[in-house]
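Numbering (UniProt numbering), first residue to last: 1 to 296.
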Amino acid sequence: MTLTGNGQPAENTDDKGAISTLQPDKIYVSQFVVSKMDCPSEERIIQMALEGMEPDVVLEFDTPNRMLKVFHSGNLVAIQSRLDLLSLGAKIKDTHNLDHDELSQVIASAKEASLKEGTILKWLLAINATMFVVEFLVGWLAQSAGLIADSLDMFADATIYGVALYAVGHSVKRKLQAAHLSGWLQLALALGALSEVIRRFMFGSEPASTLMMSFGFIALIANVICLILISKSKDDGAHMKASWICSSNDVISNVGIILAGVLVAATGSRYPDLLIGLVISVIVLHGAHRILKLKA
């Protein structure tokens, strides 16, 4: 049995995770296991999905362990419904009530972390947006589906950060419109990259292995810079630890591009480039699909 901060039994949950008795005049904290929450992009999607709820909710993420705490009143059914729409595998683990002083501490801590992370967020946006443009143009010139797809991975991160910055001070409707705009653009680019993979598979291509390796290495340096920026605050909370993990995964993608370039040079085959382009395009396409499923 889970106990509250006052030592009282927590509210009971049924087999489906629904709370059987919640009182609207009390404050609760519900812990969710979110099996498909891997990076800050999923955090931003969850934040946008739960913003504007009445009564308000406060979120606390532990993305490395795929855990989410939601501080709320008696509106857990609405919270669960919005999380279900995201298809991130959110399942409630437990719920208990807490006092207003505990909630005030959580809110104060969240505001302090948000201010500290704001500057890092702007730098990450600038780096990812710049590398999207550079990699896309070079990928087109180099006839490399891998570089084009990797540029879309940069674009996917940049749009999430951009929407998060734009959302400050705007209405929930405007936030959702901005998110959907980024999702549609991301979807269009991902489909374009997939069509390029198919076209080059059918009609042939001659990817420039030197350009693939060179700009894959430049993208690697950009993501290492992101890691250095995050490292200054990676121990300040689960969110920044998750950012570290996500940027580490981006580094792996960059290494994949470089390796594909090496294989293209060694074998004279275009297939390593097409394969890495296909894998990254599908990942970006899946991310766009999740954003477009957001509802107010």
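All C-beta atoms, glycine included, are put in the ideal place defined by N, C-alpha and C.
{"Asked": "9 Å Cβ cutoff met for ASP94 and SER35", "Found": "no"}
{"Asked": "Cα-Cα separation between ILE79 and LEU50, rounded to whole angstroms", "Found": "7 Å"}
{"Asked": "Nonlocal neighbours in the same chain, by C-beta distance under 6 Å from ALA260, ignoring five residues either side", "Found": "GLY146, PRO272, ASP273, ILE276"}
{"Asked": "Rounded separation between ILE218 and GLY74 - CA only", "Found": "50 Å"}
{"Asked": "For GLU51: DSSP bridge partner residues", "Found": "Answer is none; GLU51 lacks a bridge partner."}
{"Asked": "Rounded separation between THR159 and ARG270 - CA only", "Found": "30 Å"}
{"Asked": "Residues that DSSP places opposite PHE61 in a beta bridge", "Found": "LEU68"}
{"Asked": "Local conformation of residue 329 per DSSP, three classes", "Found": "The shown model of the chain, from 1 to 296, leaves out residue 329, and the question about it has no answer."}
{"Asked": "Presumed contact (8 Å Cβ cut-off) between residue 306 and ILE148, rounded CB distance", "Found": "Because the chain in this structure spans residues 1 to 296, residue 306 falls outside the shown range and cannot be described."}
{"Asked": "Straight-line gap, GLY183 to ILE283 (C-alpha atoms, nearest Å)", "Found": "13 Å"}
{"Asked": "Cut-off 8 Å between Cβ atoms - residues of its own chain near SER87, not counting five sequence neighbours on either side", "Found": "LYS36, ARG290, LYS293"}
{"Asked": "Which of helix, strand or coil DSSP assigns to SER205", "Found": "coil"}
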